[in-house]
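S.K.:
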Amino acid sequence: MSQDSLEQADSEHTDVDSNDISFHTEGSLIFAEEKNPLDDLTDQQLIDHINEMETENKHLELENSLFLGTLTCFALKTLLAKSLTGNILLGFTLLTTRSQMCQTNIKREE
Numbered sequence: 001m002s003q004d005s006l007e008q009a010d011s012e013h014t015d016v017d018s019n020d021i022s023f024h025t026e027g028s029l030i031f032a033e034e035k036n037p038l039d040d041l042t043d044q045q046l047i048d049h050i051n052e053m054e055t056e057n058k059h060l061e062l063e064n065s066l067f068l069g070t071l072t073c074f075a076l077k078t079l080l081a082k083s084l085t086g087n088i089l090l091g092f093t094l095l096t097t098r099s100q101m102c103q104t105n106i107k108r109e110e
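Residue 24 in full-length UniProt numbering is what sits at position 24 of the sequence shown, and the numbering runs on without skipping anything.
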């Protein structure tokens with residue numbers, strides 16, 4: 001391996017606390033496994049943790065639905081504004097055209 005790839009591999013290495021690793025042996029082999037922090041919890045602590053996660057999930061779902069509702073409302077307001085602007089412009093164009101036609105008719109009658 002080149003010096004650059006060794007330095008890159010070393011910089012990508014993350015430190016692990018020895019308390020987060022468990023070791024076990026099978027014959028002459030030694031295996032290291034990362035400990036799951038939830039393994040040390042009692043049943044009640046695990047239930048409390050699950051309830052906290054569910055509550056947090058409900059809050060996130062509520063925030064997402066509020067955001068989507070706001071986004072939908074904004075989109076509808078934008079479409080309505082564009083529609084109203086389009087209708088106003090169309091009405092103004094029709095009035096202008098009609099006015100021009102009336103002026104043309106008046107000039108013809110003179």
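A virtual CB, placed ideally from N, CA and C, is assigned to each residue, including glycine. Only a predicted model underlies this, so the values are computations on that prediction, with no experimental measurement involved.
Leu-29 lies in the beta strand (DSSP E); which residues open and close that run?
M.R.: 29 to 34
S.K.: Taking the DSSP output, what are the residues bridged to Ile-21?
M.R.: Glu-34
S.K.: With distances taken between CB atoms, is the gap from Glu-33 to Ile-21 smaller than 8 Å?
M.R.: yes
S.K.: Under 8 Å between the Cβ atoms of Leu-38 and Leu-29?
M.R.: no
S.K.: Roughly how many whole angstroms lie between the Cα atoms of Glu-52 and Ala-81?
M.R.: 43 Å
S.K.: What are the partner residues of Glu-63, as DSSP defines its beta bridges?
M.R.: In the DSSP output, where bridge partners are listed per residue, Glu-63 has none listed.
S.K.: Checking the sheet assignment: what are the DSSP bridge partners for Glu-26?
M.R.: Glu-26 is bridged to Leu-29.
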